[in-house]
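Novice:
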Amino acid sequence: MTKAASRNPGLRSRRRRERLRNLAFLSPWLIGTGLFFLYPLATTAWLSFTRYDGFVSPTWDGLDNWRFVFRDYPFFWPALRNTLWFVLVLVTLRIVVGLSLGMLVINVKRGSSVLRTVFYAPFLAPPVAATLAFVFLLNPGTGPLNSLLGHLGLPQPGWFNDPAWSKPALTLLAVWGVGDLMVIFMASLLDVPRELYEAASLDGAGAVRRFRHVTLPHLRPILLFAVITGVIATMQYYTEPLVAGQVASGQIGGSGQQVQPGYPAGSTLTLPQLVYNLGFQRFDIGAACVIAMVLFLLSMAFAALLMRRGSGFLTVED
Amino acid sequence: MTRHPRLRRRLAGCALSATLALALTACFGSSQGGAKDNPNADVTITFWHGWSAPSEVAAIQATIDAFEKANPNIHVKAVGNITDDKINQALRAGGSSAPDVVSSFTTDNVGEFCSSHAFVDLTPFMEKSGIDPTTTFPATQLSYTQYNHDQCALPLLSDAYGLYYNKDAFAAAGISGPPKTLSEFDADAVKLTRQSGDTYSQLGFMPDYHFYESTITHFAAQWSPTYFSPDGTSNVANDAGLKAAYEWQKNLVDKLGGYSRLEKYRTSFGDEFSNNNAFMTGQVAMIIDGEWRAGMINDSHSKVNYGVAPFPVPDAMAAQYGKGYITGTIVGIARTSSKQNAAWEFVKYLTANTDAVVNFANAINNVPSTTAALASPQVNQDPSFQTFIKVASDADSSTTPSSPNGGAYQLTLQDLGYAYESGKQGDLQSGLDGAAHQIDTDIAQSQ
Chain A
59 MTKAASRNPG
69 LRSRRRRERL
79 RNLAFLSPWL
89 IGTGLFFLYP
99 LATTAWLSFT
109 RYDGFVSPTW
119 DGLDNWRFVF
129 RDYPFFWPAL
139 RNTLWFVLVL
149 VTLRIVVGLS
159 LGMLVINVKR
169 GSSVLRTVFY
179 APFLAPPVAA
189 TLAFVFLLNP
199 GTGPLNSLLG
209 HLGLPQPGWF
219 NDPAWSKPAL
229 TLLAVWGVGD
239 LMVIFMASLL
249 DVPRELYEAA
259 SLDGAGAVRR
269 FRHVTLPHLR
279 PILLFAVITG
289 VIATMQYYTE
299 PLVAGQVASG
309 QIGGSGQQVQ
319 PGYPAGSTLT
329 LPQLVYNLGF
339 QRFDIGAACV
349 IAMVLFLLSM
359 AFAALLMRRG
369 SGFLTVED
Chain B
51 MTRHPRLRRR
61 LAGCALSATL
71 ALALTACFGS
81 SQGGAKDNPN
91 ADVTITFWHG
101 WSAPSEVAAI
111 QATIDAFEKA
121 NPNIHVKAVG
131 NITDDKINQA
141 LRAGGSSAPD
151 VVSSFTTDNV
161 GEFCSSHAFV
171 DLTPFMEKSG
181 IDPTTTFPAT
191 QLSYTQYNHD
201 QCALPLLSDA
211 YGLYYNKDAF
221 AAAGISGPPK
231 TLSEFDADAV
241 KLTRQSGDTY
251 SQLGFMPDYH
261 FYESTITHFA
271 AQWSPTYFSP
281 DGTSNVANDA
291 GLKAAYEWQK
301 NLVDKLGGYS
311 RLEKYRTSFG
321 DEFSNNNAFM
331 TGQVAMIIDG
341 EWRAGMINDS
351 HSKVNYGVAP
361 FPVPDAMAAQ
371 YGKGYITGTI
381 VGIARTSSKQ
391 NAAWEFVKYL
401 TANTDAVVNF
411 ANAINNVPST
421 TAALASPQVN
431 QDPSFQTFIK
441 VASDADSSTT
451 PSSPNGGAYQ
461 LTLQDLGYAY
471 ESGKQGDLQS
481 GLDGAAHQID
491 TDIAQSQ
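Residue numbers (my numbering), protein chains in the order written: chain A, 59 to 376; chain B, 51 to 497.
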């Protein structure tokens with residue numbers, strides 16, 4: 059408190075009112091963040107140190123759940139490896155293909171709107187339906203793709219039934235639905251000033267150098283956005299690997315029998331599947347919360363690293 | 051009216067405490083059920099079950115109608131198509147919509163229901179009603195509905211497993227009748243297999259663990275294994291029968307063409323519970339399956355000319371031919387129910403009334419689950435169905451025991467099976483040692 063304010067009760071009261079008014083304006087965000095982010099986060103962190111099966115109140119259990127997940131739970135490390143594989147390969151491929159399609163669509167002379175529709179439409183397909191369709195198309199025994207490959211004399215992969223091919227098959231499915239990124243990249247590409255390309259051409263820059271020195275710097279904030287949202291979405295990758303694994307294995311477990319997720323041989327197991335399996339099928343809520351915390355910390359670490367290296371969402375002009 | 055600020059604060063504190071207490075009670079459920087309700091009062095109880103096919107729903111509704119006629123003061127609101135995930139979540143959530151009586155298609159979670167006290171112990175209710183469980187229910191059915199002497203559920207019809215075989219395929223292969231020992235079975239499976247390029251036009255038997263009911267626990271029942279020691283720790287690393295079951299399956303996989311070839315063929319099969327079931331389409335000549343399959347084949351008008359028999363036994367146990375794996379639907383009373391006496395009247399009718407059990411069993415092609423109903427002349431006398439009645443009544447038939455963390459140990463054994471059949475796990479004993487350690491660790495984590 060300044061000397062002037064301490065001597066002047068009116069000024070002090072006005073500042074207090076200003077603070078309250080600012081707080082009132084901020085209150086919707088504060089309440090929302092507190093209720094829907096900080097409270098669940100704090101509860102998850104607390105539950106990860108407790109024994110809780112949903113029937114009796116949680117009891118403090120120290121580091122037992124953390125020890126169980128990291129040391130004794132055989133599915134954690136394979137699921138973490140799979141999740142990181144998807145983060146590296148799936149996110150990268152989606153960005154490369156999304157950007158390539160965006161450039162293709164804005165540069166074609168004719169049929170741009172048709173291409174835009176064709177490339178965007180798969181993104182609208184419901185994930186379960188799209189996954190079912192892919193499992194059918196890529197069925198090693200009866201699928202049309204393998205029949206075609208057989209006719210051409212090419213090798214016929216096991217796709218969703220082969221541990222070596224299941225992740226590439228899921229990546230193919232994710233890349234097929236890349237329409238959302240394509241549209242974002244298209245909007246960003248159209249925003250690059252044309253005169254910069256003209257100036258670069260006059261300076262003798264070819265297509266590759268124009269892309270590297272003009273296009274990419276302007277796309278940096280969008281690329282960063284795509285990477286961060288892609289990493290977070292992939293950390294939450296659940297529906298497609300679960301449906302693909304269960305349908306391809308032929309074991310749905312609908313009547314109540316538990317089914318181990320991750321078919322074939324744990325190759326499609328992701329951390330969110332473990333959260334559901336432990337938390338809502340085995341009701342080992344403490345261990346499920348450990349994995350949820352690991353996911354949160356990994357997402358935060360990726361986001362912080364990328365924001366730091368990418369200087370946030372600023373463009374070259376900013 | 052003016053109030054002292056301290057009094058106001060105290061009142062606010064009390065209100066807050068009461069609200070928190072109520073909220074916590076709602077979150078964690080009541081800690082004690084108790085059966086203090088008047089069974090003669092006019093009440094409506096909620097019954098959750100898993101049946102969803104129109105014929106099954108009609109059959110359970112007919113049973114409910116008969117109960118309501120006999121007990122006019124108790125009304126039953128049935129909710130169908132319920133899975134164990136929903137049951138588990140609802141029992142924890144509690145509330146006015148939570149069920150009073152719950153049935154589950156699987157016995158896997160009985161240990162969890164009992165040890166967590168999600169279902170009340172039915173022993174006091176049976177004593178009150180003069181029901182002796184040991185004479186009313188067969189021993190196997192009684193064992194899979196209790197955990198650690200807590201009889202928290204009762205059997206509501208059973209499932210018995212046997213061998214279905216394609217009579218036409220047998221005749222074409224020159225096989226006179228169903229095999230009784232596993233060496234005969236293996237020879238028949240090879241004889242019935244027809245190669246076609248790098249796949250099959252007909253497979254004698256599909257032993258892969260991802261195929262329908264070909265699980266390690268269903269196979270291992272023919273060796274009558276002991277999964278747990280008396281102290282509750284895993285016995286899978288020491289049980290010679292279980293090890294022999296894994297080895298038999300792996301040998302058969304190799305005899306029939308190997309894991310990769312079989313798996314590729316398996317991907318061409320339709321869904322187990324559809325008309326495209328591989329046995330019903332003729333792609334596989336023999337399967338291990340429950341008694342319900344006969345009803346499904348008949349309902350589907352499939353052209354498969356089938357026969358049924360007990361599943362073969364190991365050669366050294368030929369005298370025990372006729373046994374098999376037993377499981378079934380279970381029913382219990384939710385701890386959170388405030389109408390437990392009325393709920394018991396309904397459970398008693400469903401599980402111990404011979405007419406009700408026989409009629410329901412006949413209607414949905416399941417095996418009855420009481421000693422009296424199994425012997426009843428009113429039970430479906432079709433020879434195929436009677437095969438399963440005999441398997442269910444066989445003293446050497448067995449089941450998978452209850453465990454406090456549900457069917458987790460069975461999944462661990464299945465995982466070992468996947469690794470062993472595919473060649474990923476070469477040393478079976480080392481795999482069984484690892485499985486035993488994992489089962490014990492998982493149980494310790496759940497307690």
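We treat Cβ as the ideally placed atom computed from N, Cα and C, and that holds for glycine.
1. Drop a sphere of 10 angstroms on the beta-carbon of K474 (chain B), count the other beta-carbons inside from all chains shown, and report buried for 16 or more, exposed for fewer.
2. With three or more beta-carbon pairs closer than 8 angstroms as the criterion, would you say the stretch 237-245 of chain A touches the stretch 328-345 of chain A?
3. Measuring alpha carbon to alpha carbon, tell me which residue in B:P362, B:W298, B:G382 and B:A422 is nearest P228 (chain B).
4. Since M336 (chain B) sits in a beta bridge, which residues does DSSP pair it with?
5. Please check the pair T536 (chain B) and V407 (chain B), which I expect to be a contact at CB under 8 angstroms, by giving their CB distance rounded to whole angstroms.
6. Using a Cβ-Cβ cutoff of less than 7 angstroms, which residues in the same chain neighbour L300 (chain A) once the five nearest sequence positions on both sides are dropped?
7. Residues in the stretch 329-344 of chain A with C-beta within 7 angstroms of chain B's C-beta atoms, listed in sequence order?
8. Is it right to say Q488 (chain B) is buried, meaning 16 or more other beta carbons lie within 10 angstroms of its own, or is it exposed?
9. Quick one: does T200 (chain A) have its CB under 7 angstroms from some CB of chain B?
10. Is it buried or exposed for S485 (chain B), if we count other Cβ within 10 angstroms and need 16 for buried?
11. For N409 (chain B) and N326 (chain B), I'd like the C-alpha separation in whole angstroms.
12. Checking contacts by CB at 7 angstroms: is D119 (chain A) closer than that to chain B?
13. Against Q488 (chain B), what residues of chain A qualify as contacts under a CB-to-CB distance less than 7 angstroms, listed in chain order?
14. When DSSP labels each residue in this structure, what does F329 (chain A) get in the three-state scheme?
15. Measure how close the beta-carbons of D258 (chain B) and E313 (chain B) come, nearest whole angstrom, since I'm counting them as under 8 angstroms.
16. Could you please tell me which residues of the stretch 203-216 of chain B, in chain order, have their CB closer than 8 angstroms to any CB of chain A?
17. By Cβ distance below 6 angstroms, which residues in the same chain neighbour S153 (chain B) in space, the five residues on each side in sequence not counted?
18. Output the boundary residues of the beta strand (DSSP E) element that contains Y399 (chain B).
19. Please specify which runs of the beta strand (DSSP E), each continuous and at least 3 residues long, are wholly inside the stretch 86-133 of chain B, giving them in chain order.
20. With H, G and I counted as helix, E and B as strand and the rest as coil, what does DSSP make of I343 (chain A)?
21. Can you tell me where the beta strand (DSSP E) with Y356 (chain B) in it begins and where it stops?
22. Can we count N409 (chain B) as close to the ligand SAM, meaning its CB is less than 6 angstroms from some heavy atom?
23. Taking 7 angstroms as the threshold (beta carbon to beta carbon), is L11 (chain B) in contact with chain A?
24. Measuring CA to CA, which of A:Q294, A:L248, A:L363 and A:L282 is closest to M351 (chain A)?
25. Report the neighbours of K119 (chain B) on chain A: residues whose CB is nearer than 9 angstroms to its CB, in chain order.
26. Where P234 (chain B) and N219 (chain A) are concerned, what is the direct C-alpha to C-alpha distance, given to the nearest angstrom?
27. A287 (chain B) and D490 (chain B): beta carbons closer than 7 angstroms?
28. What residue range does the beta strand (DSSP E) around R244 (chain B) cover?
29. Is the CB of S307 (chain A) under 7 angstroms away from at least one CB in chain B?
30. Tell me the rounded alpha-carbon separation between L26 (chain B) and A91 (chain B).
31. Taking all protein chains shown into account, decide if A369 (chain B) is buried (16 or more other Cβ within 10 angstroms of its Cβ) or exposed.
32. Excluding sequence positions up to five away, which residues of its chain have a Cβ less than 8 angstroms from the Cβ of L66 (chain B)?
33. Three-state secondary structure (DSSP) at I242 (chain A)?
34. Given that a residue counts as buried once 16 or more other Cβ atoms are within 10 Å of its Cβ, and exposed if not, what is D365 (chain B)?
35. Can you list, in chain order, the stretches of the alpha helix (DSSP H) that have 4 or more residues and sit fully within the stretch 131-160 of chain B?
36. What residues in the stretch 129-154 of chain B bring their beta carbon closer than 7 angstroms to a beta carbon of chain A?
Specialist: Judging by the given coordinates:
1. For the purposes of this step, residue 474 (chain B) is taken as the residue at position 424 of the second sequence. Exposed: under 16 other Cβ atoms inside 10 Å.
2. no
3. To locate residue 228 (chain B), count along the second sequence from 1; it is residue 178. The shortest Cα separation from P228 (chain B) among B:P362, B:W298, B:G382 and B:A422 belongs to B:P362.
4. Your numbering for residue 336 (chain B) matches position 286 in the second sequence. Per DSSP, B:Y215 and B:F255.
5. Any property of residue 536 (chain B) remains undetermined from this structure, which presents chain B solely from 51 to 497.
6. Numbered from its first residue, the first sequence carries residue 300 (chain A) at position 242. Around L300 (chain A): P319 and Q331.
7. F338, Q339, R340, F341 and D342
8. Residue 488 (chain B) sits at position 438 when you count from the first residue of the second sequence. Burial call: buried.
9. Residue 200 (chain A) sits at position 142 when you count from the first residue of the first sequence. Taking Cβ atoms only, chain B reaches closer than 7 angstroms to T200 (chain A), which makes this a yes.
10. To locate residue 485 (chain B), count along the second sequence from 1; it is residue 435. In the sequence as displayed, the identity of residue 485 (chain B) is Ala instead of Ser. With 16 or more Cβ atoms within 10 Å of its Cβ, A485 (chain B) is classed as buried.
11. For the purposes of this step, residue 409 (chain B) is taken as the residue at position 359 of the second sequence. For the purposes of this step, residue 326 (chain B) is taken as the residue at position 276 of the second sequence. N409 (chain B) and N326 (chain B): Cα-Cα distance of roughly 29 angstroms.
12. The sequence position of residue 119 (chain A) within the first sequence is 61, counting from 1. False, the Cβ-Cβ gap to chain B never drops below 7 angstroms.
13. Within the second sequence, the letter at position 438 stands for residue 488 (chain B). Correct list: P132.
14. For the purposes of this step, residue 329 (chain A) is identified with residue 271 of the first sequence, where counting begins at 1. Residue identity check: residue 329 (chain A) is Leu in the sequence provided, not Phe. In this structure, L329 (chain A) counts as helix in the three-state DSSP scheme.
15. Reading the second sequence from its first residue, position 208 is the one you call residue 258 (chain B). Reading the second sequence from its first residue, position 263 is the one you call residue 313 (chain B). Confirmed, about 6 angstroms.
16. none
17. As a first step, residue 153 (chain B) must be located in the second sequence, where it is residue number 103. Contacts found: H99, L206, T379 and V381.
18. Sequence index remark: in the second sequence, residue 399 (chain B) carries index 349 (1-based). Y399 (chain B) -> not in any beta strand (DSSP E); alpha helix (DSSP H) instead, spanning Q390 to A402.
19. 93-98 and 124-129
20. The residue given as residue 343 (chain A) occupies position 285 in the first sequence. Helix at I343 (chain A).
21. One-based indexing of the second sequence puts residue 356 (chain B) at position 306. Element bounds for Y356 (chain B): Y356 to A359.
22. Within the structure as shown, the ligand SAM is missing, as the structure has no ligands at all.
23. What the structure shows of chain B is the stretch from 51 to 497, and residue 11 (chain B) is not part of that stretch, so it cannot be assessed.
24. Stepping through the first sequence from its first residue, residue 351 (chain A) is reached at position 293. If we check each option's Cα against that of M351 (chain A), A:Q294 comes out closest.
25. Mapped onto the second sequence, residue 119 (chain B) falls at position 69. Within chain A, no residue comes near K119 (chain B); the closest Cβ sits about 30 angstroms away, beyond 9 angstroms.
26. Within the second sequence, the letter at position 184 stands for residue 234 (chain B). Within the first sequence, the letter at position 161 stands for residue 219 (chain A). Reading the sequence as shown, one finds Glu at residue 234 (chain B) and not Pro. One C-alpha to the other measures close to 32 angstroms.
27. Translated into the one-based positions of the second sequence, residue 287 (chain B) becomes position 237. Translated into the one-based positions of the second sequence, residue 490 (chain B) becomes position 440. In this structure, D490 (chain B) does not lie closer than 7 angstroms to A287 (chain B) by Cβ.
28. Here residue 244 (chain B) is taken as the residue at index 194 of the second sequence, counted from 1. Note, R244 (chain B): beta strand (DSSP E), R244 to S246.
29. In the first sequence, the residue the question calls residue 307 (chain A) occupies position 249. Closer than 7 angstroms: yes.
30. For chain B, the structure presents residues 51 to 497; residue 26 (chain B) sits outside this window and is missing.
31. Translated into positions along the second sequence, residue 369 (chain B) becomes position 319. A369 (chain B) comes out exposed.
32. Within the second sequence, the letter at position 16 stands for residue 66 (chain B). With a pLDDT of only 40 at L66 (chain B), under the threshold of 50, the placement of this residue in the model should not be trusted; the figure read from the coordinates follows. Excluding residues within five positions, none has a Cβ falling inside 8 angstroms.
33. Within the first sequence, numbered from 1, the residue matching residue 242 (chain A) stands at position 184. Three-state DSSP puts I242 (chain A) in a helix.
34. Indexing the second sequence from 1 puts residue 365 (chain B) at position 315. D365 (chain B) comes out exposed.
35. 134-143
36. T133, D134, D135, N138, Q139, R142 and S154
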